[in-house]
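See structure below.
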Amino acid sequence: MRMLSVENVSFLYENSAQEIMSKVSFTAEKGEFVSIVGPSGCGKSTLLRIIAGLVQPSSGRVLFMDKKVEGPNSKMSFVFQDFALLPWLTNQDNVKMGLSMTDLDDDSKEAKAAELLDRFGLGGFEKYYPNVLSGGMKQRVGIARAIASDPQVLLMDEPFSSLDELTAETLRSDIIYMLENKNISVNSVVMVTHNVEEAVELSDKIIVLSNKPTHVKRIIKVLWKRPRDKRSSRFTDIMDQIYAALAQ
Ligand SMILES: Nc1ncnc2c1ncn2[C@@H]1O[C@H](COP(=O)(O)OP(=O)(O)OP(=O)(O)O)[C@@H](O)[C@H]1O
Ligand SMILES: [Mg+2]
Numbered sequence: 003m004r005m006l007s008v009e010n011v012s013f014l015y016e017n018s019a020q021e022i023m024s025k026v027s028f029t030a031e032k033g034e035f036v037s038i039v040g041p042s043g044c045g046k047s048t049l050l051r052i053i054a055g056l057v058q059p060s061s062g063r064v065l066f067m068d069k070k071v072e073g074p075n076s077k078m079s080f081v082f083q084d085f086a087l088l089p090w091l092t093n094q095d096n097v098k099m100g101l102s103m104t105d106l107d108d109d110s111k112e113a114k115a116a117e118l119l120d121r122f123g124l125g126g127f128e129k130y131y132p133n134v135l136s137g138g139m140k141q142r143v144g145i146a147r148a149i150a151s152d153p154q155v156l157l158m159d160e161p162f163s164s165l166d167e168l169t170a171e172t173l174r175s176d177i178i179y180m181l182e183n184k185n186i187s188v189n190s191v192v193m194v195t196h197n198v199e200e201a202v203e204l205s206d207k208i209i210v211l212s213n214k215p216t217h218v219k220r221i222i223k224v225l226w227k228r229p230r231d232k233r234s235s236r237f238t239d240i241m242d243q244i245y246a247a248l249a250q
């Protein structure tokens, strides 16, 4: 089943004459982990915001489960590089924010937020504020908030790049677990990353973008069961393919 279809998406900022993105197309199928790599400033974050319905494309369209995306939708959630937690809200209230588009009553929201924090190893931190947490713990709150509304698609913008490698590795496994676990709503992930190794480690499909005006240079499919051996030649071959496409 097709979760997302990005079709000929072009984009230009209102105050500028030149398109920053030109006719970008790709799909994300059910069960797929899709990574987007490309040069700095090429419009990766903009593309993710367009997919989420936070920004409208200048032309082209995005379909979520065959329906045109016209605004934000609780079935697609965002995970941010800088976590984007609100410092004046407790950890539990930050996770509750992820439920704001649902029609649960307040008691149910409280309970669900507490349960999610517990599931992510943050039981006991409900009433604390994000400033007492490490980067990895903050991103766990960010992920708990993102999955609170039982989204089918998770959109992640460099979610692990500000974390130390060990913490990042643990969170990567958590995301793969969610994707592969049939009892968890998430059934497709689209991640922007600068980290080519991370893209090969996780992805079923890697979208390589060009410089501005940004277009799709190459789509590399990785038909390989996870976990993947990073030291194998198969792994480095795929990394080389990505570097070659980026350098082209
Ligand atoms: N409000 C705006 N008006 C005009 N141009 C903008 C505006 N906001 C961003 N841009 C430009 O749009 C381009 C794409 O920005 P975007 O943040 O999507 O890129 P990115 O690939 O995510 O970058 P990075 O790799 O640094 O995260 C950038 O060149 C940026 O300068
Ligand atoms: Mg960006």
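Residue 218 in the working numbering is what sits at position 216 of the sequence shown, and the numbering runs on without skipping anything.
A virtual CB, placed ideally from N, CA and C, is assigned to each residue, including glycine.
> Is it the case that the CB of S37 approaches a heavy atom of ligand 2 more closely than 6 Å?
Replying inline: Within the sequence shown, residue 37 is the residue found at index 35, counting from 1. No, since every heavy atom of ligand 2 falls outside the 6 Å radius drawn around the Cβ of S37.
> In chain order, what are the residues with a CB under 7 Å from some non-hydrogen atom of ligand 2?
Replying inline: Residues lining ligand 2 by the Cβ criterion, that is a Cβ closer than 7 Å to any of its heavy atoms, are K46, S47, D159, E160, V194 in chain order.
>> For a quick check, are the C-beta atoms of I22 and F13 less than 7 Å apart?
In response: Numbered from its first residue, the sequence shown carries residue 22 at position 20. Numbered from its first residue, the sequence shown carries residue 13 at position 11. Yes, the pair counts as a contact, with Cβ atoms nearer than the cut-off.
> In its own chain, which residues sit with a C-beta less than 7 Å from the C-beta of M103, not counting the 5 before and 5 after it?
Replying inline: Translated into positions along the sequence shown, residue 103 becomes position 101. Excluding positions up to five away in sequence, the list reads S76, S151.
> Do Q94 and A116 come within 7 Å of each other at the CB atom, strictly closer than that value?
Replying inline: For the purposes of this step, residue 116 is identified with residue 114 of the sequence shown, where counting begins at 1. For the purposes of this step, residue 94 is identified with residue 92 of the sequence shown, where counting begins at 1. In this structure, A116 lies near Q94, with their beta-carbon atoms less than 7 Å apart.
> Going by alpha carbons, who is nearest to G137 out of S24, L165, E31?
Replying inline: Indexing the sequence shown from 1 puts residue 137 at position 135. The residue with the shortest Cα to Cα distance from G137 is L165.
> Is G43 near ligand 1, with its Cβ less than 6 Å from a heavy atom?
Replying inline: What you label residue 43 is simply residue 41 of the sequence shown in a count that begins at 1. G43: yes, Cβ under 6 Å from ligand 1.
>> Is any non-hydrogen atom of ligand 1 found closer than 6 Å to the C-beta of S18, if you look at the structure I gave you?
In response: The count along the sequence shown starts at 1 and reaches residue 18 at position 16. It does: the Cβ of S18 is within 6 Å (strictly closer) of some heavy atom of ligand 1.
> Going by DSSP, which residues form a beta bridge with K114?
Replying inline: The residue given as residue 114 occupies position 112 in the sequence shown. Bridge partners of K114: none, in fact.
> Contact between the stretch 118-130 and the stretch 154-164: three or more CB pairs below 8 Å?
Replying inline: No, the stretch 118-130 does not touch the stretch 154-164.
> Would you call the CB atoms of I222 and Q243 closer than 7 Å?
Replying inline: Here residue 222 refers to the residue found at position 220 when the sequence shown is read from its first residue. Here residue 243 refers to the residue found at position 241 when the sequence shown is read from its first residue. For I222 and Q243, yes; Cβs fall inside 7 Å.
> I think P41 touches G55, with their Cβ atoms under 8 Å apart; what is that distance to the nearest whole Å?
Replying inline: Your numbering for residue 41 matches position 39 in the sequence shown. Your numbering for residue 55 matches position 53 in the sequence shown. Between G55 and P41 the Cβ distance is about 25 Å, and since that is not below 8 Å, they are no contact.
> What are the residues that DSSP puts in a beta bridge with M78?
Replying inline: Position 76 of the sequence shown, counted from the start, is the residue given in the question as residue 78. In the DSSP secondary-structure assignment, M78 is bridged to V155.
> Using the rule of at least 16 other Cβ atoms within 10 Å of the residue's Cβ for burial, across every protein chain shown, is K232 buried or exposed?
Replying inline: Within the sequence shown, the letter at position 230 stands for residue 232. Of the other Cβ atoms in all chains shown, fewer than 16 fall within 10 Å of the Cβ of K232; this residue is therefore exposed.
> Run through DSSP, which three-state label would E171 get?
Replying inline: The count along the sequence shown starts at 1 and reaches residue 171 at position 169. Looking at E171 - three-state DSSP - the assignment turns out to be helix.
>> Output needed for M193: all residues of its chain with C-beta closer than 6 Å, excluding positions within five of it in sequence on either side, in chain order.
In response: Taking the sequence shown and counting its residues from 1, one reaches residue 193 at position 191. Here the set comprises S37, M158.
>> Please tell me whether I186 and V81 are closer than 7 Å, where the distance is taken between their beta carbons.
In response: Against the sequence shown, residue 186 aligns to sequence position 184. Against the sequence shown, residue 81 aligns to sequence position 79. With contacts defined by Cβ atoms closer than 7 Å, I186 and V81 do not form a contacting pair.
> What number of angstroms, rounded off, separates the C-alpha of K32 from the C-alpha of L6?
Replying inline: Position 30 of the sequence shown, counted from the first residue, corresponds to residue 32. Position 4 of the sequence shown, counted from the first residue, corresponds to residue 6. The alpha-carbon separation between K32 and L6 amounts to approximately 9 Å.
> Which residues in the same chain have their Cβ closer than 8 Å to the Cβ of D84, if we skip the five residues on either side of it in sequence?
Replying inline: By one-based count along the sequence shown, residue 84 stands at place 82. Same-chain partners within the cutoff: S164.
> Helix, strand or coil: how does DSSP classify L101 here?
Replying inline: Locating residue 101 in the sequence shown gives position 99, where the first residue counts as 1. Three-state result, L101: coil.
> Quick one: what's got a C-beta closer than 6 Å to K98's C-beta in the same chain, skipping five residues either side?
Replying inline: Position 96 of the sequence shown, counted from the first residue, corresponds to residue 98. K111, A115.
> Taking contact to mean at least 3 C-beta pairs separated by less than 8 Å, is the stretch 167-186 in contact with the stretch 199-209?
Replying inline: When Cβ pairs closer than 8 Å are counted between the two stretches, the stretch 167-186 is seen to touch the stretch 199-209, the count reaching three or more.
>> Which residue wins for smallest C-alpha separation from L168, given the options M139, S79, V143?
In response: On the sequence shown, residue 168 is found 166 positions in, with the first residue counted as 1. The shortest Cα separation from L168 among M139, S79, V143 belongs to M139.
> Can you round the beta-carbon distance between K46 and L211 to whole angstroms, since I take them to be within the 8 Å contact cut?
Replying inline: Your numbering for residue 46 matches position 44 in the sequence shown. Your numbering for residue 211 matches position 209 in the sequence shown. That belief holds up - the Cβ atoms of K46 and L211 are roughly 7 Å apart, short of 8 Å.
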